[in-house]
Structures are given as structure tokens and as C-alpha cells.
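These protein sequence lines are chains A and B, in that order. Heads up, the first sequence is in our numbering, so the first residue is 341 and it goes up one at a time. Heads up, the second sequence is in our numbering, so the first residue is 7 and it goes up one at a time. Cβ coordinates follow ideal geometry from the N, Cα and C atoms, glycine included. Comments concern the structure below.
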Amino acid sequence: AQSVTQPDIHITVSEGASLELRCNYSYGATPYLFWYVQSPGQGLQLLLKYFSGDTLVQGIKGFEAEFKRSQSSFNLRKPSVHWSDAAEYFCAVAWYNTDKLIFGTGTRLQVFP
Amino acid sequence: DAGVIQSPRHEVTEMGQEVTLRCKPISGHDYLFWYRQTMMRGLELLIYFNNNVPIDDSGMPEDRFSAKMPNASFSTLKIQPSEPRDSAVYFCASSQVLDVYGYTFGSGTRLTVV
Numbered sequence: 341a342q343s344v345t346q347p348d349i350h351i352t353v354s355e356g357a358s359l360e361l362r363c364n365y366s367y368g369a370t371p372y373l374f375w376y377v378q379s380p381g382q383g384l385q386l387l388l389k390y391f392s393g394d395t396l397v398q399g400i401k402g403f404e405a406e407f408k409r410s411q412s413s414f415n416l417r418k419p420s421v422h423w424s425d426a427a428e429y430f431c432a433v434a435w436y437n438t439d440k441l442i443f444g445t446g447t448r449l450q451v452f453p
Numbered sequence: 007d008a009g010v011i012q013s014p015r016h017e018v019t020e021m022g023q024e025v026t027l028r029c030k031p032i033s034g035h036d037y038l039f040w041y042r043q044t045m046m047r048g049l050e051l052l053i054y055f056n057n058n059v060p061i062d063d064s065g066m067p068e069d070r071f072s073a074k075m076p077n078a079s080f081s082t083l084k085i086q087p088s089e090p091r092d093s094a095v096y097f098c099a100s101s102q103v104l105d106v107y108g109y110t111f112g113s114g115t116r117l118t119v120v
């Protein structure tokens, strides 16, 4: 079955530290991959997406993600976290010829000063 | 553009009552999606429409849930009768055919059934 997994439910980092949030997907075909961010009480906002081509994708707010086919992964990274990055982050996947996104369960990021 | 507009932002109702959630997608968007978010199950796709036609309602939990899209600018999600386990945040999102995965989400409706 098609699925996407975010193994880390909650991550805490210090402001200025680097960040990596993990995402893995199932199913053999190459999917379309996305990262969304949700601030408290808000809807989800698209950070970045990967369809094809360069496997390192740049997004908004200084985030980037790398698609690794061999590991079925699409991890989100940021070299230096700011307190305003505290939020919940969702990885999402869509497979070719489907219209819908399947979301992971999310990773809550907490940032300490 | 005002974005995807959902109403109400918060709804508290008693078990057994009918609840109607509303969504106005972005003008020109062809797709409309209804998601439910809970701590236990995360974000679940309930149903989505393309050009006002329901395409996939396999995520609708049971017959108590129904969704309509009478025109391109309005959709409703109705729960009748409501139960405490329906308490969740319900999100509407829309996208256009040329960027079908470029969802714009509304701010959600927080439903509490007591």
C-alpha cells in the first residue's frame, strides 16, 4: 500500500543548530514529494516540492530537501534553525497519475533559545 | 486573492446535532479537497472534487458524512448526526489542474462535539 512515514514525532533543537527531518515513502514508482509546514492554528503551507531532475531541492524560508531513490527518502534540512521555525512539518507524497496527496503523520519541531 | 476561506473557524455542538462546514476555494482552482486532522490519525483525505464532481470519497468515514460542491466557488461537508469521535480540525484545500499538487489550504474548522 502507498504510504509515507515520518519516524520522528517530536524533535527539539537549539536556535542556530542544524536540522534534519526524516521522511520515507513506500511503493516502487518514483513519487512526487512535498514538505509542508503548519504553524499553530493555521493551515498548511508548502515549503518545497520535488517532481524530477536535480535531487536537491530548495524551498522557502531557507529549507532544502534531498531525494534519495536508493533509500526511498526525502529528508528536509536547514543549516541554522530560527525560533520562528517552531511548527509541525508534514511530508507528503503523490504518485503518478493520481490527483491526491498522502500525508505523513508529521514531526513537531521545538526550538530552544 | 483571499485564499481558501473556511467557515466557521470553531464549532461546538452537541452529540446528535447536524454540523455543516463550509469552504470557498480560490477562484479558478479546479480541485477541492477535504481533510480531517486528529492527533491519533494525522491528516486524512476525506473526499476530493474535480470541476465540482466528486472523484474519490473513499476516505469518508461513514454514511454520517456527506460532501457537496454545487458550484465552483462553494463546498460543504456535513455530518449528521455528529458524534464525539468526529471532533477534529477539518481542512479544505484547493488547487488548479496545471499545478494539481500545489495545494492552498484554508485555516481549518475546529469541530468539538460534546
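- Per DSSP, reduced to three states, the secondary structure at B/P60 is strand.
- Cβ-Cβ distances below 7 angstroms link B/D36 to N56, N57, Q102, V103 in the same chain, with the five nearest sequence neighbours on each side left out; the list follows chain order.
- Taking every protein chain shown into account, the CB of A/E428 has 16 or more other CB atoms within 10 angstroms, so this residue is buried.
- Nearest neighbour of A/L359 by Cα position, chosen from A/C431, A/R417, A/W435, turns out to be A/R417.
- Distance between A/T352 and A/L388, taken at the CA atoms: about 22 angstroms.
- When C-alpha distances from B/L49 are compared across A/C363, A/L441, A/W435, A/V421, the shortest belongs to A/L441.
- A/A369 is classed as exposed because its beta carbon has fewer than 16 other beta carbons within 10 Å across all chains shown.
- Counting only the Cα atoms, A/G393 lies some 45 angstroms from B/V25.
- Of all residues in the segment 50–63 of chain B, the ones placed with a Cβ closer than 9 angstroms to any Cβ belonging to chain A are E50, L51, Y54, N56, I61, D62, in chain order.
- With its beta carbon less than 9 angstroms from one in chain A, B/G48 belongs to the interface.
- Excluding five sequence positions before and after A/V377, the CB atoms of its chain that fall closer than 6 angstroms to its own CB belong to Q385, L387, A427, Y429, given in chain order.
- For B/F97, the nearest CB of chain A lies under 9 angstroms from its own CB, placing it at the interface with that chain.
- For B/Q86, there is no enclosing beta strand (DSSP E), as DSSP marks it with neither H nor E.
- Any Cβ of chain B closer than 9 angstroms to the Cβ of A/F407 would place that residue at the interface, and such an atom is absent.
- Taking all protein chains shown into account, A/F452 has fewer than 16 neighbouring C-beta atoms within 10 Å of its C-beta and is therefore exposed.
- In this structure, the beta-carbon distance from B/M21 to B/V95 does not fall below 9 angstroms.
- Along the segment 364–397 of chain A, the beta strand (DSSP E) occurs as fully enclosed runs of 3 or more residues at 372–378, 384–390, listed in sequence order.
- C-alpha of A/S379 to C-alpha of A/L449: approximately 10 angstroms in a straight line.
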